[in-house]
Ligand SMILES: Nc1ncnc2c1ncn2[C@@H]1O[C@H](COP(=O)(O)OP(=O)(O)OP(=O)(O)O)[C@@H](O)[C@H]1O
Ligand SMILES: Nc1ncnc2c1ncn2[C@@H]1O[C@H](COP(=O)(O)OP(=O)(O)OP(=O)(O)O)[C@@H](O)[C@H]1O
Ligand SMILES: [Mg+2]
Ligand SMILES: [Mg+2]
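Residue numbers (the working numbering), protein chains in the order written: chain A, 14 to 292; chain B, 14 to 292; chain C, -5 to 252; chain D, -5 to 252; chain E, 13 to 324.
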């Protein structure tokens, strides 16, 4: 992996390549395995969704790809370099469920912060306005995060993650806190942006429907520690639309992924699952 | 309404009867309308789901029914008496998204607390064990809430709300924090308990699928202030099962409710909605 | 509008009326029980003492305030700088906690004479005593504040490769402000006490000297006059901090989530 | 296991080593600079003073501790009871805040003689001064604590018609404990200072008297000996509070969410 | 009588051994400053005050302060610790420590102390009390000792039978609070006592005798002036103790003046006086062993300033 890091801009590299990744967290005087032998490739410009039950290690995987967490074992290459170099070249965008906006900055300043830090200060205000426009909150540029609803905050987080033209967008349940209608809106908003920018996307979600509706491929993680148990190609046409959800192809893909998940989850090794002796 | 309160146990009364209900919150020196002219009847033993976009007043409605909030206007009768009398006769059970368990009590004590307070101390421990068994967490009776996953905490909240045989169960997005698989499990758990106890239920949810899957009737609230814009009878057979979700009747009911929601929601009067000039 | 004004009036009036009531009860009690003035003066005697020589109290207040604010400033800066180090290293925190605690339990009366010897006369020892007494709460609050960053915001800044310096200034420092202000609210009255005690022990001019002389002369009205002035200073200073806090931290508590 | 023990050893060793280092630097500096003993004694001279007459310091510590703990208990109970009233009424809170603040900015040195007159000799005035100095932090924390109930838990208890009494004991009181303990951590060293200052000002037996006599005797090693003993007491007391807190509040910070 | 024209201006600090009040050695400095007697001697003096926690002595040793005050007993104790300070003038021909009792208590002499509650200040039972009791065949075991602190209201409010006072200070305060009292001065019961002195370091005495002499001359001239200008002297004192009660300060000053009076000139003393005090202190273990009184007091400078009881 390291040998290719001299050519970070060569887009023939996959956006993410994970090989034999394992991760253990220290807990007291022991360690707890969160991921075990995970392999995953995200091609350049591809939209990959990751689904799996709670505690299977989805957030852990994303944190490792983002370079926030050093893996215990295995190789990870991001945009042709190691995770650190991807971070250093500021090609990443991150959106999490609780987006961690800075409450003392207004919407525009929160988005601008990314440009200030990455050094894209030329025409920064125009770029900020463009992004706010695109995610539909330009009217609220002078509002503070505390004055916004959850859905609007997620739009700001999306703008903040996209404003510096990142080549890889990492999203961890970005729409988890939203009501169903805002959520639907945001999904198509995201797809529109993605189709324009052709960013590569890793999208972690609890919602199987969301995964199937958005992604080119759905990666299914199961177990504790989590492993990639299946990968499902989503061959629905683009651009996706709401009406596809009634179509038989969508329904059958949905059923496929659902089946892979339920059967793959062994309840006996998870606290949050039901005890064995329950009928 | 008041005249019937002498016969609180007469089950010929509807469980909930709401007439011309309005509610305004004081905000600074003004008031904000949350509900406007709401009518709603929940028959004895009926399972009613309430859906609507964020901020339409669902939680407000539930709080008024629970007697936690005095309505600004309109009449509310609960179990044949006024809201206060229903509360005083301890016939209510409440489950909210964040269940507010007492962190210093273990699971069994949290559930027992309801019995201690309502004075059902005879054979209390047996009753607690029975409920923990029924919601599938009897193995965790000695755990503290902080040691449980979100799903397990919701199970405890359900047990706590049911342990004193309430005649009306009020639920506010009880499964909102759960992952899809736990959520599915909990839904059928709830239905099983409900079918056994035949409690009347008011179930607020963001998920249209959940509403259609669980309820006898779905009440759709729209707008700010919220009004009941539609009521949909769910004539799916009981007991409900997961496989019904693929059936055409389910699908068409789902589409109905969805349609009522999206069209009923005027984005221009809600902050969390998209500004008018967006295309 | 009307309603808002009425609310504000009530908020201001309640404590004023309550204090007036308290003073009235006090006055009546002293008169009825005929308590000797050198034990407990009536509030009216205290007011008379204050009105008799307002210049003296004003000058005393000025001097004590100067020392208190100087000490507070010194302690806040010192504590914040040390807190930056401690917030970055648990080991350093553990290492420095016992000496900081030792400083905290050292009674001012024990070290005030030493401070005069070490730091000379005049303002310096007073400022240092006010600083010593306020250092610990400022340190503890600053450390907690600098640690209390939103981990999601931190993660985001790391993914866009923000430097430790950028993270410090743009995330840690603003995040610490609510805690720093809470520390200030605790420290403001403490700094006043520190300055006054220093003056009392060294006999140097200020409210402490007024108390010292009043005590020596059995002039309890003047003593209580000084206490009233100190209470007023404490309330004004605390309110000022609260006011600045509301301005600076508009985004914190006061902000309404829609 | 091994690892855990090593971790614990490190946690204990860091501050011990750091303090040892600090003392070593101090000792060296005094020796190299040849600072006169009456200005700043070496730590070894301080230790010698302590070892020379350990009984005296032990007795002094016992007396001061007694007064400090008595005052802390009194202040905590009084503050909690008042806090119950204030937590239930914003108007009462606003009304009582200025007198409470006045109490807080009143320097102990100003009222200590009055306390002796009002409350006699011996333990009572010392306890009351320790109580006066710790009252305010206990009050503020108790009010905030009693208010900081989980609204969901409160709603639930109301729907099952829990009485205000049941809500108070089963919800408000346990919810307030984290804040009460935070208040105790602030108050424990303050109560010690209060007791010592009272002894210093009244000359009654305890660590304050030891300081007073040491000052009068030019005996700076004994003065620092007293400060060392006070620091040790402060650290032991604070650690004890932390220990009890960890036991009682096992469900609070320490609990791990799965 | 004034110094030569060619002496250099000397900067020095005088620190009173307690807070600002009308003790004679303090007022002498205030007046010397105010009336230009220091200036006449080409002395540029700053005046400071101590908290009474002995920092004035430490500052003297550090040469931060060149002149300070202390009681003869304090000087002897510091000499016993081999601390190189020396008294160069003795104002209090009798000590300022004494006792008061209520006039109606029937306690008029030390013999009446038996079985009564007797207060002591500052944590230590003073030698004066030991000596007083011994002279009447009692000891501290025959009385009920009580730490009373520094506020005489404790006595007025009836909490203790015998209350320790500074003779030039609290009796007046207590009387003015409306209480009739008996004052018991140890000296009148055969206990030798001495009061306040001016102190310098041995080093200063060896190297800057001329400055000491100029300081003494200025302050002795001030004392002479004070004798005839008591009210003005009190007014000057109040500029250092703003807000203090002038009547009370007047009492302090006049009492101190009386106690300082001696035929051969205020400020002078003999080694015999110091030896008698030493004996008491040794007897009651305030001093571990006798101190060479010549090391504690050097009267030669002040003696040289007088000629037939007049300052020359
Ligand atoms: N900081 C940590 N310390 C110890 N264990 C951790 C830590 N973070 C996560 N874990 C554990 O690692 C496993 C994977 O956690 P992770 O958060 O990656 O799961 P997830 O799939 O994102 O879950 P969710 O869907 O609930 O967000 C879980 O068992 C979790 O308990
Ligand atoms: N305490 C309050 N003070 C002022 N306004 C309030 C308060 N609680 C709710 N509101 C307002 O009342 C309206 C209805 O709120 P409510 O919480 O009942 O909505 P909801 O349907 O439960 O929303 P969600 O789906 O987000 O839970 C919203 O506009 C909200 O901003
Ligand atoms: Mg996660
Ligand atoms: Mg709601």
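Note that the Cβ used here is the ideal one computed from N, Cα and C, for glycine as well.
For the pair residue 103(E) and residue 148(E), the Cα-to-Cα distance works out to about 29 angstroms.
Neighbours of residue 207(A) in chain C, taken as residues at a C-beta separation under 8 angstroms, are lacking, since the least C-beta distance is about 18 angstroms. Only residues of its own chain outside the window of five on either side were considered, and among them 37, 238 have a CB closer than 6 angstroms to the CB of residue 46(A), listed in chain order. At least one C-beta of chain A is nearer than 8 angstroms to the C-beta of residue 192(B).
Not a single C-beta of chain D is nearer than 8 angstroms to the C-beta of residue 94(E). Counting only runs of at least 4 residues, the segment 152 to 179 of chain B fully encloses the following alpha helix (DSSP H) elements, listed from N- to C-terminal order: 163 to 175. Chain-order list of chain C residues neighbouring residue 12(D): 88, 89, 90, 92, 93, by C-beta distance under 8 angstroms. One alpha carbon belongs to residue 244(A), the other to residue 197(A), and they sit about 24 angstroms apart. Against chain E, the CB of residue 115(D) has a partner CB under 8 angstroms away; the residue lies at that interface.
At a cut-off of 7 angstroms, the beta-carbon of residue 215(B) does not count as near ligand 2: no heavy atom of the ligand is closer than that. When secondary structure is reduced to three states using DSSP, residue 160(E) falls in the coil class, being assigned neither helix nor strand. Of the heavy atoms belonging to ligand 4, none sits nearer than 7 angstroms to the Cβ of residue 127(A).
In the DSSP secondary-structure assignment, residue 131(E) is bridged to 158(E). Using a Cβ-Cβ cut-off of 9 angstroms, residue 66(B) is close to 192, 193, 194, 195 of chain A, given in chain order. Scanning its chain for C-beta atoms nearer than 8 angstroms, with the 5 sequence neighbours on each side dropped, one finds around residue 35(A) the residues 46, 48, 49, 50, 51, 84, 85, 86, 87, 238, in chain order. Within the chosen limit of 7 angstroms, ligand 1 does not reach the beta carbon of residue 110(B) with any heavy atom. Secondary structure of residue 172(D) (DSSP, three-state): helix. Residues of the segment 173 to 204 of chain E whose Cβ lies closer than 7 angstroms to any Cβ of chain C, in chain order: 185, 189. Within chain D, 107, 110, 195, 196, 197 have C-beta atoms less than 7 angstroms from the C-beta of residue 161(E), given in sequence order. By the C-beta density criterion, residue 39(A) is exposed, having fewer than 16 other C-beta atoms within 10 angstroms.
Only residues of its own chain outside the window of five on either side were considered, and among them 22, 24, 226, 227, 230 have a CB closer than 7 angstroms to the CB of residue 55(E), listed in chain order. For residue 157(B), a Cβ of chain D is located within less than 8 angstroms of the residue's own Cβ. Residue range 22 to 28 is occupied by the beta strand (DSSP E) that includes residue 22(E). Residues of the segment 138 to 165 of chain E with a Cβ closer than 8 angstroms to any Cβ of chain D, in chain order: 158, 159, 160, 161, 162, 163, 165. Taken in chain order, the whole beta strand (DSSP E) runs of length 3 or more contained in the segment 240 to 281 of chain E number zero. Contact residues of the segment 228 to 248 of chain C toward chain D are 228, 229, 232 (C-beta to C-beta distance below 8 angstroms). DSSP links residue 60(E) through a beta bridge to 27(E). For the pair residue 187(B) and residue 110(B), the CB atoms are nearer than the 8 angstroms cut-off. Residue-level contact by beta carbon fails for residue 28(C) and chain E, as no gap is shorter than 8 angstroms. Taken through DSSP and simplified to helix, strand or coil, residue 33(D) comes out as coil. By the Cβ neighbour-count rule, residue 209(A) is exposed, with fewer than 16 other Cβ atoms within 10 Å of its own.
Distances taken from the Cβ of residue 65(B) to the heavy atoms of ligand 2 include one shorter than 7 angstroms.
According to the DSSP secondary-structure assignment, residue 83(E) is paired through a beta bridge with 208(E).
A direct Cα-Cα distance of roughly 34 angstroms separates residue 179(A) from residue 259(A). Along the length of the segment 182 to 219 of chain B, whole alpha helix (DSSP H) runs at least 4 residues long occupy 193 to 210, reported in chain order. Of 106(A), 159(A), 55(A), 58(A), the smallest CA-CA separation from residue 79(A) is found for 106(A).
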